[in-house]
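Each protein sequence line maps, in turn, to chains A and B.
Residue numbers 4 to 223, in the working numbering, belong to the letters of the first sequence in order.
Residue numbers 4 to 223, in the working numbering, belong to the letters of the second sequence in order.
Okay, so here's the structure we're looking at.
2 protein chains.
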Amino acid sequence: NHVVILGEPERAINLIKALIKLMDESGKFIDIVYVSEFEKPPNLPKDVEFIKGNPTLKDTLIRANVDKASSLIILPQGDSASADARTLMEVVVARSINPSLYIVAELLNEGNAEYVLKAGADEAIAVGSLTTIAMANEIIYRGSLKAIMRLLRGNSEILVINSSKYTGLSFKDALIRVREDESGILIGVLRNNEVLISPSDELIIKPGDELIIIKSMNIK
Amino acid sequence: NHVVILGEPERAINLIKALIKLMDESGKFIDIVYVSEFEKPPNLPKDVEFIKGNPTLKDTLIRANVDKASSLIILPQGDSASADARTLMEVVVARSINPSLYIVAELLNEGNAEYVLKAGADEAIAVGSLTTIAMANEIIYRGSLKAIMRLLRGNSEILVINSSKYTGLSFKDALIRVREDESGILIGVLRNNEVLISPSDELIIKPGDELIIIKSMNIK
Ligand SMILES: [Ca+2]
Ligand SMILES: [Ca+2]
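The structure is reproduced here in structure tokens:
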């Protein structure tokens, strides 16, 4: 039930630091395994398990217990000609080992997302794409970049929670109840892998829906 | 009252496309000027004004009417050794031309943010930093990455609006009123350049506050 991380050491350490900060804030802890063919980075946070080996090989991923992992994050490694191809290979190999693994891939080229998703990744996101979109938002709605950065890295979080306490309620009533019960703000519903942000007041919360909530971590 | 964009053509065109999409969605239009020492990119969207010249030079920025622009976005250009230095230079030169210009800089190295902010940028954000943090969030709160991407690029938007209609109301009452008046969800308050996400119910909206709202663009 651990997360396995592959990819270029500097990117991996940035991600691991963000992950550790978030675990500390949320109280949700998960073991982290970092796999690389390079030497163990001296600044790898302790408590992170390090596996040395070529992460495109099945043997290496099995040594990282990918068969028992809950998630795999693949970050780019190498130049723009080879990094996404390497990521694609890693997705295919990891998927063959563990059909229920949750795989998130970061790509250098957004156009490769469709191939990586077809090969078995659950999410694919291009490096810098969020930044680009956030900057465009900032020009039109000044302050939104700060709001997004604050949302992501500050003492607030976007949570996704089970809706069972709220099924049968309208979105409007659920908004009020979530504010009272969770000190959070309900912003949308995750239904059949689709995200409904700010749906109509009359939308009824159904079994299986998940609720997307924004919450300040300072107010418990 | 236009926006000037500097930086590597491929990044600039991605940003310009995101900006045009957002203008179409929001109905808020702003003229775009792209400045580069390279030839005009063949895939530059029409209606974007192109200025050829070295954007680190005062003369070039004056030709782009930076003195009358409302915003300047600087994207990285060049390798990791030189791109942020170039950006720093452009911030300094643009700030000397226009003290009220709103300057957003995208950096290759997050550690350079402090220098660029000291030199006069209003916002500085590292390429990929949002992606890294969003992926870390996804491991802890599965579904949040999709929610963030959907928020940023889907038919929903984070808006920042004037609070004058709502001053004197508690956050809790403003939440209900914003839902009714704007079909949006109030998630926080921008006060003195500080972002308060999901503050206490009792926080009173003050003159000068701005409201951060999440809204679906499909529901007018
Ligand atoms: Ca956070
Ligand atoms: Ca959008």
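The beta carbon of each residue, even a glycine, is placed where N, CA and C say it ideally should be.
Measuring alpha carbon to alpha carbon, tell me which of the options ends up nearest residue i.
i         : options                                       : result
B:Val-130 : B:Leu-155, B:Leu-78, B:Asp-50 and B:Leu-154   : B:Leu-78
A:Pro-12  : A:Ser-103, A:Pro-48 and A:Ile-33              : A:Pro-48
A:Asn-195 : A:Ala-72, A:Glu-185, A:Ile-151 and A:Ile-208  : A:Ile-208
A:Asp-70  : A:Lys-55, A:Asp-82 and A:Ala-97               : A:Ala-97
A:Ala-150 : B:Leu-155, B:Phe-32 and B:Val-119             : B:Leu-155
B:Leu-104 : B:Ile-164, B:Asn-4 and B:Gly-211              : B:Asn-4
B:Glu-28  : B:Ile-179, B:Leu-199, B:Ile-161 and B:Ala-177 : B:Ile-161
B:Glu-126 : B:Ile-65, B:Asn-115 and B:Thr-63              : B:Asn-115
A:Val-38  : A:Phe-32, A:Ala-15 and A:Met-26               : A:Ala-15
A:Val-198 : B:Ile-128, B:Met-152, B:Asp-82 and B:Glu-205  : B:Met-152
B:Ala-84  : B:Thr-59, B:Asn-112 and B:Ala-72              : B:Asn-112
B:Leu-172 : B:Thr-135, B:Glu-185, B:Leu-9 and B:Asp-212   : B:Asp-212
A:Gly-10  : A:Ala-72, A:Ala-177, A:Tyr-118 and A:Asp-82   : A:Asp-82
B:Pro-102 : B:Ile-128, B:Glu-117, B:Tyr-118 and B:Ser-73  : B:Ser-73
A:Arg-182 : B:Val-181, B:Asp-204 and B:Glu-185            : B:Asp-204
B:Leu-2   : A:Val-36, A:Lys-55, A:Leu-193 and A:Val-51    : Chain B is shown from 4 up to 223; residue 2 of chain B falls before or after that span and cannot be answered.
Name the DSSP beta bridge partners of residue i, please?
i         : result
B:Asn-165 : B:Glu-213
B:Ser-173 : B:Ile-207
A:Tyr-105 : A:Ser-74
B:Ile-151 : B:Ile-151 pairs with nothing; no bridge assigned.
B:Glu-197 : B:Arg-194
A:Val-6   : A:Ile-35 and A:Ser-74
A:Ile-188 : A:Ile-217
B:Glu-160 : B:Lys-218
Would you say residue i and residue j are within 7 Å of each other, going by their C-beta atoms?
i         : j         : result
B:Val-7   : B:Ala-67  : yes
B:Ala-86  : B:Gln-80  : yes
A:Lys-43  : A:Phe-53  : yes
B:Val-163 : A:Gly-146 : yes
A:Asn-57  : A:Glu-40  : yes
B:Pro-202 : B:Phe-174 : yes
B:Ala-137 : A:Leu-133 : yes
A:Asn-75  : A:Ile-100 : Asn is not the amino acid found at residue 75 of chain A; the sequence shown has Leu there. No, these two residues do not count as a Cβ contact at 7 Å.
B:Ser-159 : A:Ile-200 : yes
Should the segment 208–218 of chain B be called in touch with the segment 182–195 of chain B, which here means at least 3 C-beta pairs below 8 Å? yes
Count the CB pairs spanning the segment 137–144 of chain A and the segment 16–25 of chain B that are closer than 8 Å, and state whether there are at least three. yes
Pair every Cβ in the segment 85–93 of chain A with every Cβ in the segment 104–119 of chain A, then say whether three or more of these pairs are closer than 8 Å. yes
For the 8 Å Cβ check, are there 3 or more pairs between the segment 45–59 of chain A and the segment 168–182 of chain B? no
At 4 residues or longer, what runs of the alpha helix (DSSP H) sit wholly inside the segment 12–59 of chain A? Counting only runs of 4 or more, we get 12–29.
Please give the ranges of any beta strand (DSSP E) in the segment 80–148 of chain A, keeping only runs that are unbroken, at least 3 residues long and fully inside the region. 105–110 and 126–129
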